[in-house]
Amino acid sequence: MAAGVVLTFLPLAVPGSGVFSAASALLVVGITTTASRWWAGRFGDRKDPRLLLAPGLITCAIGMVCLPFGGVILLFGALLFGGGFGLLQNATLILMMGRVSKSEYGLGSTLWNAAFDTGTGIGAFSFGFVISAVGFSWSFFICSALLASALILVLLDHSSTQD
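Taken in order, the sequence shown gives residues 43 to 205; the numbers are from my numbering.
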């Protein structure tokens with residue numbers, strides 16, 4: 043959801059060009075997402091990937107709050123959002139694969155990707171209505187609150203993994 047909001051609406055929320063532009067912020071998001079995925083993968087191979095969920099959500103939520111401000115704060119927010127997003131992508135995929143048998147890895151991967159793509163689309167679509175009602179800044183703040191509220195699900199999840 044949050045990725046759909048960022049990719050769709052950040053260029054409209056922070057118009058302009060140059061170093062402190064939405065284009066630069068999206069580049070920072072892409073680079074930090076890739077780097078944090080790599081780090082999270084190594085972490086997940088050695089320790090429980092669930093340990094990445096809360097930090098990923100918190101980091102994404104803080105980054106989301108910073109994005110509509112522009113300037114250095116925009117780039118700082120992009121750094122945080124991308125870093126947290128990479129942690130979450132990697133950790134949730136590892137957890138999904140741990141909950142299916144090895145013969146169902148294709149199904150697990152398909153479900154994860156379908157959920158990701160659906161969330162991206164639903165986020166962009168639904169926040170179009172939110173933005174028309176409250177504007178860009180408040181919409182990014184609301185999205186941040188939704189990200190933070192997902193911490194409740196992390197705390198409630200006691201599922202075991204499949205061997």
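Glycine included, every Cβ here is placed at the ideal spot set by N, Cα and C. Here the structure is a predicted model, which means the values were calculated and not measured.
{"Item": "Candidates A192, G98, G150: closest to T75 by CA position", "Value": "G98"}
{"Item": "Close beta carbons around I173, own chain, < 7 Å, minus the five adjacent residues each side", "Value": "F51, S181"}
{"Item": "Local Cβ density within 10 Å of S59, reported as buried at 16 or more and exposed below that", "Value": "exposed"}
{"Item": "Same chain, Cβ closer than 6 Å to V47, neighbours up to 5 away in sequence not counted", "Value": "G165, F169, C185"}
{"Item": "Closest residue to L129 among A77, L153, S66 (Cα-Cα distance)", "Value": "A77"}
{"Item": "Sequence-distant residues of its chain with Cβ nearer than 8 Å to R92 (five each side left out)", "Value": "A133, L137, V196, D199"}
{"Item": "Start and end residues, alpha helix (DSSP H) containing S179", "Value": "178-191"}
{"Item": "Inter-residue Cα distance where the pair is V107 and F183", "Value": "5 Å"}
{"Item": "Beta-carbon spacing of L109, A96 below 8 Å", "Value": "no"}
{"Item": "Cβ separation of T162 and A45, assumed to be a contact under 8 Å, to the nearest whole Å", "Value": "5 Å"}
{"Item": "Neighbour-count burial assignment, A175, 16 or more Cβ in a 10 Å radius", "Value": "exposed"}
{"Item": "Secondary structure of M138, DSSP reduced to three states", "Value": "helix"}
{"Item": "Own chain, CB closer than 8 Å to V114, minus 5 neighbours either side, in chain order", "Value": "F62"}
{"Item": "Spatial distance of F123 from A64 (CA atoms)", "Value": "13 Å"}
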